[in-house]
Amino acid sequence: MPSLPSLGLRNRAARNNGRVTPVPAAPPAYVIDCGVYVDGVRLSGTWSHAEAIDEVRERGTGFVWIGLHEPDESQLNVLAETFGLHELAVEDAVHAHQRPKLERYDSTLFMVLKTVRYIDNEKLTATSEIVESGELMAFVGRDFVITVRHGKHASLGQVRAQLETDPEQLQLGPAAVLHGIADHVVDTYLEVTEAIQDDIDDMEAAVFAPRTKIEAEQIYLMKREVMELRRAVMPLARPLQRLAEGYTPMVPEEVRSYFRNVEDHLTTVSERVASFDELLTTLVDATLAKITLQQNTDMRKISAWVAIVSTPTMIAGIYGMNFDVMPELQWKFGYPATLLVMMLACLTLFKIFRRNKWL
1 MPSLPSLGLR NRAARNNGRV TPVPAAPPAY VIDCGVYVDG VRLSGTWSHA
51 EAIDEVRERG TGFVWIGLHE PDESQLNVLA ETFGLHELAV EDAVHAHQRP
101 KLERYDSTLF MVLKTVRYID NEKLTATSEI VESGELMAFV GRDFVITVRH
151 GKHASLGQVR AQLETDPEQL QLGPAAVLHG IADHVVDTYL EVTEAIQDDI
201 DDMEAAVFAP RTKIEAEQIY LMKREVMELR RAVMPLARPL QRLAEGYTPM
251 VPEEVRSYFR NVEDHLTTVS ERVASFDELL TTLVDATLAK ITLQQNTDMR
301 KISAWVAIVS TPTMIAGIYG MNFDVMPELQ WKFGYPATLL VMMLACLTLF
351 KIFRRNKWL
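Note that UniProt numbering has the sequence shown beginning at 1, numbered continuously upward.
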């Protein structure tokens, strides 16, 4: 049976009382970790995927957990031959860009989850983002878990370390690992929604604050980021519901109750995301209304100043028509009187417009 190149011990292995004593070897870069768990405790040593599953099946208990990061098709096909993974699931795991889903192939479960990370930006632009997404795939069998991660975030090291401190939980088998992964992903959803909530609160305060300018483009870009989060969150509800309801016997009753708790947390996230979408729509409408009101105010000011300026222009235009017989042309005080009339007319109009709050 083929094995991953350089992954473990095919070239050096010593047998002691029928058991393999692994000799440490450097795994390939795309292999994050490969552990053997028996009775909830991780066996010491470095294992290849083939020797790890052989050890578990020879013992008749325990399971293998292999973590991969962005393997290519040939690399994942080696594991597919060893663990009997379905070719369609392998193709999805290699190429990614899948919606969250749960599928069953013979005796193997294949689950896809979207991972997200919040990126703090002072100002959103068309090329920046605050929600970075990735993907996480999990193959779950009777005695193995294979996780395939795409993206630079959402490492499962913390999940593995936390589960290894709880042997009682790990004794429940691969389903417990799948729950730990789903719980970790949904917890990151909660963290991201809390950060986005703060951004939206600041944006809402800016929209309704007097003399504060905010561009509608900023709200639209925030709405785009919320849509990215929505695509990660909403489709996951059905897979979690199926796991909680006993979709497969590979998930024991003890673990189903944990999935129900994750499902409740996802419901909370879904409600937040839906409220974000509605609030941002309202803020877009409010911003457009504010812009329209500001434009109307500007037009009133412009009209008022045009009226003020047109009054002396009209008087000067009349006396610039060069007729011989016109009132006050020969009067000694005609010129200063005309200037005084212009000033009084402009001042009167200014007071009227100011009283009506046009200026």
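Ideal placement from N, C-alpha and C gives every residue a C-beta, glycine not left out.
Rounded separation between residue i and residue j - CA only
i: Pro312; j: Thr287; result: 39 Å
i: Gly157; j: Leu170; result: 15 Å
i: Ala337; j: Ala289; result: 47 Å
i: Leu9; j: Thr61; result: Because the pLDDT at Leu9 is just 37, under 50, the model does not fix this residue reliably, and the point stays unresolved.
i: Ile196; j: Tyr30; result: 32 Å
i: Asp33; j: Gln294; result: 59 Å
i: Val56; j: Leu280; result: 52 Å
i: Ile308; j: Trp331; result: 26 Å
i: Tyr247; j: Glu253; result: 11 Å
i: Phe110; j: Gly141; result: 9 Å
i: Ala80; j: His97; result: 20 Å
Integer-rounded CB distance, given that residue j should sit under 8 Å from residue i
i: Ala304; j: Leu359; result: 5 Å
i: Met222; j: Asp198; result: Not really, about 12 Å apart at Cβ, beyond 8 Å.
i: Glu145; j: Trp47; result: The amino acid occupying residue 145 in the given sequence is Val; Glu does not appear at that position. Between Trp47 and Val145 the Cβ distance is about 14 Å, and since that is not below 8 Å, they are no contact.
i: Leu236; j: Leu266; result: 6 Å
Boundaries of the beta strand (DSSP E) in which residue i is found, first to last residue
i: Lys351; result: Taken as a continuous stretch (DSSP letters only), Lys351 belongs to no beta strand (DSSP E), being part of the alpha helix (DSSP H) at 334-355.
i: Asp33; result: 31-38
i: Ala138; result: 131-140
i: Val269; result: Run containing Val269: none in the beta strand (DSSP E); it sits in the alpha helix (DSSP H), 253-318.
i: Leu109; result: 108-118
Limits of the alpha helix (DSSP H) - the one that residue i falls within
i: Leu172; result: Where Leu172 is concerned, there is no enclosing alpha helix (DSSP H), given that its DSSP letter is neither H nor E.
i: residue 386; result: The chain is shown only over 1 to 359; residue 386 falls outside these bounds and no answer can be derived.
i: Leu243; result: 237-244
i: Tyr220; result: 216-233
i: Leu76; result: 73-83
i: Leu43; result: Here Leu43 belongs to no alpha helix (DSSP H), and DSSP marks it neither H nor E.
Close Cβ partners of residue i (< 6 Å) along its chain, the five nearest in sequence each way excluded
i: Val148; result: Leu68, Ala93, Met137
i: residue 366; result: It is not possible to answer for residue 366, since the shown part of the chain is limited to 1 through 359.
i: Arg42; result: Gly35, Glu164
i: Glu70; result: His150
8 Å CB neighbourhood of residue i in its chain, flanking five on each side removed
i: Thr193; result: Leu229, Val269, Arg272, Val273, Phe276
i: Arg59; result: Val38
i: Gln162; result: Gly180
i: Asn77; result: Val90
Cβ-based neighbour list, residue i, same chain, cut-off 7 Å, excluding 5 preceding and 5 following
i: Val255; result: Leu172, Ala175, Ala176, His179
i: Phe183; result: The displayed chain sequence assigns Asp, not Phe, to residue 183. These residues qualify, in order along the chain: Val262.
i: Ala244; result: Arg256, Phe259, Arg260, Glu263
i: Tyr105; result: His86, Ala89
Proximity test, Cβ basis, 9 Å: residue i and chain D
i: Ala96; result: No chain D is part of this structure, which consists of one protein chain only.
Note to self: I want to know whether the region 112-120 touches the region 136-144 - three or more CB-CB distances under 8 Å.
What the structure shows: Yes, the region 112-120 touches the region 136-144.
Notebook entry, point to check: Below 8 Å, can you find three or more Cβ-Cβ pairs linking the region 162-177 to the region 78-97?
Noted result: Contact between the region 162-177 and the region 78-97 is absent: fewer than 3 CB-CB pairs across the two stretches fall below 8 Å.
Notebook entry, point to check: If you pair each beta-carbon of the region 224-243 with each one of the region 314-324, do three or more pairs fall below 8 Å?
Noted result: They do not touch, by the three-pair rule.
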